[in-house]
Amino acid sequence: MRKKIIAANWKMNMTVAETVSFLENFRSHVDEVNGVEIVIAPPFTAIAKLSEMLGGSQKISLGAQNMHFEMSGAFTGEISPAMLRELFVRFVILGHSERRQLFGETDAIVNKKVALALASGLKPIVCVGETLEERDAGKVNEVLETQLRGSLAGVTAEQMQTTVVAYEPVWAIGTGRTASPEQAQEAHAQVRKVLAGLVGETAAKVRIQYGGSVKPNNAASLLGQPDIDGALVGGASLEPHGFAEIIKAAVAK
Ligand code: PEP
Numbered sequence: 009m010r011k012k013i014i015a016a017n018w019k020m021n022m023t024v025a026e027t028v029s030f031l032e033n034f035r036s037h038v039d040e041v042n043g044v045e046i047v048i049a050p051p052f053t054a055i056a057k058l059s060e061m062l063g064g065s066q067k068i069s070l071g072a073q074n075m076h077f078e079m080s081g082a083f084t085g086e087i088s089p090a091m092l093r094e095l096f097v098r099f100v101i102l103g104h105s106e107r108r109q110l111f112g113e114t115d116a117i118v119n120k121k122v123a124l125a126l127a128s129g130l131k132p133i134v135c136v137g138e139t140l141e142e143r144d145a146g147k148v149n150e151v152l153e154t155q156l157r158g159s160l161a162g163v164t165a166e167q168m169q170t171t172v173v174a175y176e177p178v179w180a181i182g183t184g185r186t187a188s189p190e191q192a193q194e195a196h197a198q199v200r201k202v203l204a205g206l207v208g209e210t211a212a213k214v215r216i217q218y219g220g221s222v223k224p225n226n227a228a229s230l231l232g233q234p235d236i237d238g239a240l241v242g243g244a245s246l247e248p249h250g251f252a253e254i255i256k257a258a259v260a261k
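So the sequence shown is residues 9 to 261, counted in this note's numbering.
The following block contains the structure:
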């Protein structure tokens, strides 16, 4: 049984003050919620404060939105896994399509980050997904296979059990356009098939999140699909009540 995992990707939103007021409000909404793993990935500047407020909470884990593939050194503006671990960060989002498209991240770079994250005790959330042009050209399966094989090269079956994959069709991110539950399920089944080729039976244990305009009103139908084990939520995670509603939709599944 794969425990559902709902993660907030705040992107470049939320000051420290906004983070404090979010968490105070959000906690009251998820007080009674159990059985779902919740992750919040704020911007780097809010991680220390959020870590202090969470105090090692088992209900809500801290995530980061990125990290560098070296442990230290002359890499101006970058953050290392050691810095994240010191603040009790548990998850790190890697290979988000915005990183791939706007900051030139390739599968090879993502792979180096995945390897260091795992070696450092961080759980990677590895993002893959096709553009609209690729979908229209009938290349979804091919794109997913290339991204997964490239980003996860060298990851052992044991390491794969602590790794989360997020299927995020690029055309659905921040656009208000969501993949239909059937489209998402089809892609998730393909992701699991590729994972089976990489790590055999362990693929059945890997959690695969859907991401792309998940909202309180579409979460239940997406999370009801057999291979959808959670959600990576951007815009709708910035509002405590709405984000809690998405989490509650996962409890019911
Ligand atoms: C994301 O940032 O990963 C994402 C899915 O964003 P949104 O929910 O806003 O589409």
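The beta-carbon is built from N, C-alpha and C at its ideal position, and this holds for glycine as well.
On a predicted model such as this, the values are computed, not experimentally measured, just so you know.
Quick check on the DSSP output: the alpha helix (DSSP H) that includes residue i runs from which residue to which?
{"i": "R93", "result": "P89 to E94"}
{"i": "V173", "result": "Where V173 is concerned, there is no enclosing alpha helix (DSSP H), although the beta strand (DSSP E) it sits in stretches over V172 to Y175."}
{"i": "A165", "result": "A165 to M168"}
{"i": "E45", "result": "Counting along the chain, E45 falls outside any alpha helix (DSSP H), though it belongs to the beta strand (DSSP E) covering E45 to A49."}
{"i": "V148", "result": "V148 to S159"}
{"i": "Q191", "result": "P189 to V207"}
{"i": "L24", "result": "Looking at the sequence itself, residue 24 is Val, so the reference to Leu does not match. Start and end: V24 to V38."}
{"i": "V259", "result": "P248 to V259"}
{"i": "M61", "result": "F52 to L62"}
{"i": "S229", "result": "A227 to L231"}
Using only alpha-carbon positions, find the residue among the options that is nearest to residue i.
{"i": "S105", "options": "W179, E40, V41 and A82", "result": "W179"}
{"i": "G232", "options": "R157, G243 and Q217", "result": "Q217"}
{"i": "R157", "options": "P177, V136 and D144", "result": "V136"}
{"i": "R98", "options": "R143, G63 and S36", "result": "G63"}
{"i": "E45", "options": "G112, G219, R215 and I87", "result": "R215"}
{"i": "L203", "options": "I68, S80, V148 and V163", "result": "V163"}
{"i": "L126", "options": "N149, E142 and P89", "result": "P89"}
{"i": "L246", "options": "K11, R10, K12 and A16", "result": "A16"}
{"i": "I4", "options": "I14, I236 and G205", "result": "Residue numbering for the chain in the displayed model covers 9 to 261; residue 4 lies beyond these limits and cannot be assessed."}
{"i": "Q167", "options": "T154, V241, K131 and A257", "result": "K131"}
{"i": "Q193", "options": "V207, Y175 and K121", "result": "Y175"}
{"i": "S188", "options": "F251, V100 and G220", "result": "G220"}
{"i": "M22", "options": "I254, A227, F52 and F96", "result": "F52"}
{"i": "E153", "options": "L140, H196 and A252", "result": "H196"}
{"i": "I181", "options": "A116, A244 and G205", "result": "A244"}
{"i": "G71", "options": "K120, K19 and E113", "result": "K19"}
{"i": "E190", "options": "V38, K67, L58 and N226", "result": "N226"}
Below 7 Å, is the gap between the Cβ of residue i and the nearest heavy atom of the ligand PEP?
{"i": "I48", "result": "no"}
{"i": "A247", "result": "In the sequence as displayed, the identity of residue 247 is Glu instead of Ala. No, the beta carbon of E247 sits no closer than 7 Å to any heavy atom of the ligand PEP."}
{"i": "A127", "result": "no"}
{"i": "G243", "result": "yes"}
{"i": "L231", "result": "no"}
{"i": "S221", "result": "yes"}
{"i": "I14", "result": "no"}
{"i": "E86", "result": "no"}
{"i": "R182", "result": "According to the sequence as given, residue 182 is Gly; it is not Arg. Yes, Cβ of G182 sits closer than 7 Å to a heavy atom of the ligand PEP."}
{"i": "H196", "result": "no"}
{"i": "E4", "result": "Since the first residue of the chain shown is 9 and the last is 261, residue 4 is not available in this structure."}
{"i": "N74", "result": "no"}
{"i": "N17", "result": "yes"}
{"i": "L102", "result": "no"}
{"i": "L110", "result": "no"}
{"i": "L156", "result": "no"}
{"i": "L240", "result": "yes"}
Could you please give the first and the last residue of the uninterrupted beta strand (DSSP E) stretch that includes residue i?
{"i": "Q217", "result": "R215 to G219"}
What residues match up with residue i in a beta bridge as DSSP calls it?
{"i": "V241", "result": "A16"}
{"i": "V136", "result": "Y175"}
For the ligand MN, any of its heavy atoms closer than 7 Å to the Cβ of residue i?
{"i": "T164", "result": "No copy of the ligand MN occurs in the structure displayed; its ligands are the ligand PEP alone."}
Could you tell me whether any Cβ in chain D is nearer than 8 Å to the Cβ of residue i?
{"i": "R143", "result": "Judged by its chain identifiers, the structure shown contains no chain D, having just a single protein chain."}
Secondary structure, beta strand (DSSP E): runs of 3+ residues fully inside the segment 69-133: As summarised for the segment 69-133, the continuous beta strand (DSSP E) elements at least 3 residues long and confined to that stretch are 99-102, given in chain order.
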